[in-house]
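Here the structure is laid out as structure tokens; the discussion comes afterwards.
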Amino acid sequence: MRDRLYELGCSRMDLGECPKIHDLALRADYELASKTKDYFYDIDATEHLEAFIADCDRRTTAAKQRLAETQEELSAEVTEKANAVHELAEQIGQKLARAEALGEEGMVEESVKLMGEIDELRKKKAVAEQEYRNSMPASSYQQQKLRVCEVCSAYLGIHDNDRRLADHFGGKLHLGFITIREKLADLKKTVDKRREERGASERERSGGRRHYVGGRELDRRARRHRESARDRDRNKETDRDRDRERKDRDRDRERERERRRSRSRSRSKREESRERSRGRDRDRERERESRRSRSHRSSSKERRRE
1 MRDRLYELGC SRMDLGECPK IHDLALRADY ELASKTKDYF YDIDATEHLE AFIADCDRRT
61 TAAKQRLAET QEELSAEVTE KANAVHELAE QIGQKLARAE ALGEEGMVEE SVKLMGEIDE
121 LRKKKAVAEQ EYRNSMPASS YQQQKLRVCE VCSAYLGIHD NDRRLADHFG GKLHLGFITI
181 REKLADLKKT VDKRREERGA SERERSGGRR HYVGGRELDR RARRHRESAR DRDRNKETDR
241 DRDRERKDRD RDRERERERR RSRSRSRSKR EESRERSRGR DRDRERERES RRSRSHRSSS
301 KERRRE
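Using the UniProt record's numbering, the letters of the sequence shown correspond one by one to residues 1 to 306.
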């Protein structure tokens with residue numbers, strides 16, 4: 001059942017994420033606990049599937065109403081012939097999808113037998129189509145006459161080929177609805193009795209407990225548990241973000257300190273270079289001064305000799 005609901009979630013009728021927890025460990029705990037206590041989950045499942053199928057039936061009714069308003073109204077005789085073509089086409093599509101499934105499972109003989117039945121149905125369909133064609137003008141016959149699938153509310157055309165119909169009747173959406181409807185029919189056989197049993201169980205427990213814990217109450221607790229888990233995850237993510245921001249700030253401060261030290265070292269090197277340059281200038285100036293002094297003394301001695 002859960003697999004079929006998952007298939008519907010992967011089709012054009014996307015159900016979204018399931019609000020319940022699907023955990024193998026919890027499933028094992030439930031199976032163990034259900035041996036000693038009845039949680040009446042089958043009643044909740046019945047109510048859920050009833051709402052789901054009721055929604056599908058509403059879509060089917062609305063689709064039929066739209067077709068009645070938009071399609072050209074046919075006479076009773078032509079409508080009967082069109083329905084005959086539709087029914088034969090649906091039978092072909094269903095059997096073709098089943099034959100392909102049997103072939104994939106390795107049941108070749110059963111698949112070949114179904115293909116023989118399909119050939120007979122195709123002959124009957126060809127005769128029905130000819131009668132339908134002869135009963136109305138050619139211009140009207142070319143128009144696509146739609147009908148709504150009673151199982152999954154999808155549109156089917158009278159001119160759809162066998163491949164299109166096989167894809168529909170063998171598709172996940174149609175097969176999923178078949179499984180759901182069959183399961184709901186089985187649950188409805190015992191749901192009234194099960195509701196009486198749950199009421200008796202609640203009355204029996206009301207003396208010692210404030211309320212009965214099971215079914216939807218456990219679902220509510222599960223939702224609270226999920227919300228708490230999500231809150232914890234968000235808090236962890238927030239803490240990780242704060243740690244990353246703190247590390248980024250520390251890294252930026254370290255880089256700034258490194259740049260300052262680098263500038264300081266560069267400034268010191270420039271000052272040392274300027275100091276050495278000034279020292280060399282002073283040495284050259286002293287050397288020039290010394291040469292001028294020696295030159296002056298030599299000139300003075302020459303003049304005294306004269």
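Quick reminder that beta carbons are idealized off the backbone N, C-alpha and C, glycines included.
In its own chain, which residues sit with a C-beta less than 8 Å from the C-beta of residue i, not counting the 5 before and 5 after it?
| i | result |
| --- | --- |
| residue 243 | none |
| residue 268 | none |
Please check the pair residue i and residue j, which I expect to be a contact at CB under 8 Å, by giving their CB distance rounded to whole angstroms.
| i | j | result |
| --- | --- | --- |
| residue 125 | residue 89 | 6 Å |
| residue 147 | residue 86 | 5 Å |
| residue 46 | residue 173 | At roughly 22 Å, the Cβ-Cβ gap does not stay under 8 Å, so residue 46 and residue 173 are not in contact. |
| residue 191 | residue 43 | 6 Å |
| residue 132 | residue 82 | 6 Å |
| residue 177 | residue 56 | 7 Å |
| residue 40 | residue 181 | With 8 Å as the limit, residue 40 and residue 181 do not qualify as a contact, their Cβ atoms being about 22 Å apart. |
| residue 101 | residue 128 | About 26 Å separates the two Cβ atoms, so there is no contact after all. |
| residue 38 | residue 228 | No, residue 38 and residue 228 are not in contact; Cβ-Cβ is about 28 Å, not under 8 Å. |
Taking the continuous beta strand (DSSP E) assigned at residue i, which residues delimit it?
| i | result |
| --- | --- |
| residue 155 | 155 to 157 |
Starting from residue i, follow the alpha helix (DSSP H) in both directions and report where the run begins and ends.
| i | result |
| --- | --- |
| residue 112 | 108 to 134 |
| residue 52 | 41 to 70 |
| residue 178 | 172 to 205 |
| residue 31 | 24 to 33 |
| residue 162 | 162 to 169 |
With DSSP as the reference, please indicate the residues paired to residue i in a beta bridge.
| i | result |
| --- | --- |
| residue 147 | 156 |
Spatial neighbours of residue i within its chain, please: C-beta separation below 6 Å, excluding the five flanking residues on both sides.
| i | result |
| --- | --- |
| residue 67 | 146 |
| residue 249 | none |
For residue i, I'd like the list of residues in its chain whose CB is within less than 7 Å of its CB, leaving aside the five on either flank, ordered along the chain.
| i | result |
| --- | --- |
| residue 210 | Reliability fails at residue 210, whose pLDDT of 46 lies under 50, so the model's placement of it is uncertain and no value is given. |
| residue 234 | none |
| residue 135 | 77, 78 and 81 |
| residue 161 | none |
| residue 264 | none |
Taking contact to mean at least 3 C-beta pairs separated by less than 8 Å, is the region 164 to 184 in contact with the region 78 to 87? In short, these stretches do not touch, since the Cβ pair count stays below three.
Handout entry: the region 50 to 67 contacting the region 152 to 163, beta-carbon criterion three pairs below 8 Å
Key = With contact defined as three or more Cβ pairs closer than 8 Å, the region 50 to 67 and the region 152 to 163 are in contact.
(Q) Quick test of the definition: if touching needs 3 or more C-beta pairs under 8 Å, does the region 117 to 134 touch the region 89 to 102? (A) Yes, the region 117 to 134 touches the region 89 to 102.
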